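Its first residue numbered 673, the sequence shown is counted upward by one per residue in my numbering.
Cβ coordinates follow ideal geometry from the N, Cα and C atoms, glycine included.
Computed from a predicted model, the values in this text were never measured in an experiment.
What follows is one structure encoded as structure tokens, with my remarks underneath.
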Amino acid sequence: MLKSLRKVMVIGYMALERVAQSQTYNKYFYVKYEPLINKRYGQAMLNDPENWPEFKDLIYDTTFKVLQGGSLDIQKFRKLIMSHLTFPEKAWATKETL
Numbered sequence: 673m674l675k676s677l678r679k680v681m682v683i684g685y686m687a688l689e690r691v692a693q694s695q696t697y698n699k700y701f702y703v704k705y706e707p708l709i710n711k712r713y714g715q716a717m718l719n720d721p722e723n724w725p726e727f728k729d730l731i732y733d734t735t736f737k738v739l740q741g742g743s744l745d746i747q748k749f750r751k752l753i754m755s756h757l758t759f760p761e762k763a764w765a766t767k768e769t770l
């Protein structure tokens, strides 16, 4: 379960990192973690960049819940995360993400 959760979290974090207002940035993140996911998910972006606080809370709250031993339906969580994302061929920055 943790391996599947890690993949979903990496994809979500990539999308969140593209929204500058979220202050989510790790200089070496892509170098370390992009090889763990399917390349088609590497350009993940939020459908609604203005909704980043709720998305960030979803990721962080789920992380803490699982680390504290809580149960998680990984398939439902994956569907929920993916419903917030879009996967263009090339990710870009918009005014909402600057």
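Query: For D729, which of M717, T696 and M673 has the nearest alpha-carbon?; Result: T696
Query: Using 8 Å as the threshold, is the stretch 729-749 in touch with the stretch 700-719, meaning 3 or more CB pairs across them?; Result: no
Query: Using CA coordinates, which residue listed in S755, S676, F749 and H756 is at the minimum distance from N710?; Result: S676
Query: Contact check, L688 vs F736 under 8 Å by CB: the rounded distance?; Result: About 16 Å separates the two Cβ atoms, so there is no contact after all.
Query: Would you kindly check if the distance between the Cβ of N719 and the Cβ of H756 is under 8 Å?; Result: yes
Query: Helix, strand or coil for L744 per DSSP?; Result: coil
Query: Could you check the C-alpha separation between S694 and V680 for me, to the nearest Å?; Result: 18 Å
Query: What span of residues does the alpha helix (DSSP H) with G684 cover, start to end?; Result: L674 to E689
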